[in-house]
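Contents: one structure, followed by commentary.
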Amino acid sequence: MPSLPVEVLLGIYLGLLAGIVPAFVAGSLGFVVRYFTGVTLPGFGVVVLALAIASVNGGLLALADPAILRAPRLLVATLVVLMLALYAHNEGDRLGAELPRRVSFSSIRKRTLSADVVEFVGEFGRVTVRPTGAIRDVQGYPPLSPDLRTTIAEDSWHLPADLPLSELETRLEDRLRTEYDLADVAVEIDERGRATIAAAPPSSGLSRRVPDRHRAVSVDALVPTGLARGDSVVVTAGEETVSGTVLSARTDADDEVARSDAGESTTNDGLLESPPAFGARPGGTATAGGRGRVTVAVPRHCAAALLAADRVRMTVRSRATSPEYDAFSLLRRAGYAVRRISVSSGATGDDPSWATDDVTTLAVRRRGSETNGRRRGWVFAPGIERPLVPGDEAFVAGRESALDRLEEVSR
1 MPSLPVEVLL GIYLGLLAGI VPAFVAGSLG FVVRYFTGVT LPGFGVVVLA
51 LAIASVNGGL LALADPAILR APRLLVATLV VLMLALYAHN EGDRLGAELP
101 RRVSFSSIRK RTLSADVVEF VGEFGRVTVR PTGAIRDVQG YPPLSPDLRT
151 TIAEDSWHLP ADLPLSELET RLEDRLRTEY DLADVAVEID ERGRATIAAA
201 PPSSGLSRRV PDRHRAVSVD ALVPTGLARG DSVVVTAGEE TVSGTVLSAR
251 TDADDEVARS DAGESTTNDG LLESPPAFGA RPGGTATAGG RGRVTVAVPR
301 HCAAALLAAD RVRMTVRSRA TSPEYDAFSL LRRAGYAVRR ISVSSGATGD
351 DPSWATDDVT TLAVRRRGSE TNGRRRGWVF APGIERPLVP GDEAFVAGRE
401 SALDRLEEVS R
């Protein structure tokens with residue numbers, strides 16, 4: 001007959017072998033009963049169920065070796081089975097109590113920031129979002145340049161702290177596209193305000209700035225001082241006069257400035273060993289004036305006349321104030337203001353001050369179910385068919401007092 005230590009070891013082995021199935025059943029039942037009914041399964045019932053299942057397993061083992069039924073090892077095996085079953089039952093009951101009863105994609109997308117990372121500026125909270133880890137590439141696009149990757153990784157952005165993470169991700173994506181002219185970008189922000197960014201470089205340079213049915217033509221001319229990208233010019237080539245928009249410009253004076261600032265060495269012929277890129281000037285985008293080369297976007301049928309001309313003359317047109325700025329100026333003179341508001345989920349349309357006549361909705365951006373909760377494009381008046389509801393983002397105009405009341409209700 002084996003010694004007592006050997007019997008104990010054999011009992012532990014048999015208990016583990018026969019107790020796996022009872023432990024799994026006890027844990028599953030404990031989780032299901034607590035999750036769906038909120039009631040904890042009695043421990044006595046778990047013990048009885050575990051012994052019943054273990055007895056079936058033990059009986060099958062006894063058919064192969066009747067010596068398993070010896071008292072010392074059988075008692076130890078029974079204790080091991082009960083401990084496994086009770087432990088699995090407790091863990092299943094705890095999981096059933098802690099797991100949320102209702103989980104949906106919309107509730108996951110409405111996760112907000114941790115209170116520890118919120119900074120209060122006056123009455124409003126903001127969060128500083130910083131990239132974490134390396135800036136990843138977007139599949140299907142060429143990789144980012146090292147300089148652009150480093151610039152994005154070292155940047156940071158201040159965003160409102162009262163928005164859900166999905167809206168913060170959308171706003172940061174829009175800012176990255178605008179600031180760095182990215183072809184595509186994807187952002188994920190966690191509760192600590194750390195952003196995981198994947199970005200694609202601009203798909204093109206000059207061609208993206210050429211309007212439809214226009215051509216980019218480079219001409220040598222006497223460039224006015226201060227000429228910059230976006231200026232409206234008139235190019236005279238003989239008897240042909242063509243109106244266009246400046247896409248890029250560079251003069252000999254700009255080359256001198258770039259050479260002195262960069263301290264580049266020259267060859268014996270006085271030429272730059274590595275001339276600077278066309279249109280790249282330190283200190284700004286406006287030219288220093290003088291003889292130079294300008295790239296202009298002109299209508300397609302006018303490109304041939306400029307290319308055939310030996311000498312051209314360039315005149316800069318006056319550009320009036322933007323109509324948008326004029327509109328805002330008129331609103332301010334009349335005592336009105338324009339604000340951008342976000343209607344939180346806690347706002348209600350039953351409040352009488354919600355639909356005040358003193359406030360006019362200029363544009364609204366709503367979430368759509370077909371976009372998985374992400375906001376669609378802006379809808380401008382008079383295309384707005386219904387009043388503001390929770391989740392909307394809008395530009396509104398009205399008196400300061402009315403806008404203050406609307407902001408209080410929309411929070």
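Residue numbers (UniProt numbering): 1 to 411.
Every residue, glycine too, gets a C-beta built ideally from N, C-alpha and C.
Taking 9 Å as the cut-off, the Cβ atoms of Ala228 and Gly292 do not count as close.
For His301, same chain residues with a beta-carbon under 8 Å away, outside a window of 5 residues either side, do not exist. Note on the UniProt domain "DUF8167" (7-101): whole alpha helix (DSSP H) runs with a minimum of 4 residues are 43-64, 71-98, in chain order. CA-CA distance, Ala397 to Ala303, rounds to 45 Å. Boundaries around Thr245 are those of the beta strand (DSSP E), 240-251, since no alpha helix (DSSP H) includes it.
Inclusion of Val246 and Gly230 in the CB contact set at 9 Å is warranted, their separation being smaller than that value. Taking the C-beta atoms as reference points, Gly226 is found no nearer than 9 Å to Asp252.
Residue environment: Val39 is assigned as exposed (fewer than 16 neighbouring CB atoms within 10 Å of its CB, all protein chains considered). Contact annotation: Leu74 and Gly11 have beta-carbon atoms nearer than 9 Å.
Judged by DSSP in its simplified three-state form, Arg215 adopts strand. Straight across, the Cα-Cα distance linking Phe124 with Pro323 is about 32 Å. Here Glu191 carries a coil assignment [DSSP, helix/strand/coil]. Inclusion of Pro299 and Arg213 in the CB contact set at 9 Å is warranted, their separation being smaller than that value. Secondary structure at Asp147: helix, using DSSP grouped into helix, strand and coil. Judged by beta-carbon spacing, Gly15 lies within the 9 Å limit of Val80, meaning their Cβ atoms are closer than that value. Segment contact: the stretch 187-202 against the stretch 151-169, three or more CB-CB distances shorter than 8 Å; contact assigned. A distance of 9 Å or more separates the beta carbons of Gly58 and Ala88. DSSP lists Val396 as the beta-bridge partner residues of Thr361. In the DSSP assignment, Ser114 falls outside any beta strand (DSSP E) and carries neither an H nor an E. Put simply, the backbone Cα of Ser401 is about 24 Å away from that of Phe380. Beta-bridge pairing by DSSP links Gly292 to Ala221, Thr251.
Ranked by Cα distance from Leu144, the options Val117, Leu182, Phe36 are led by Leu182.
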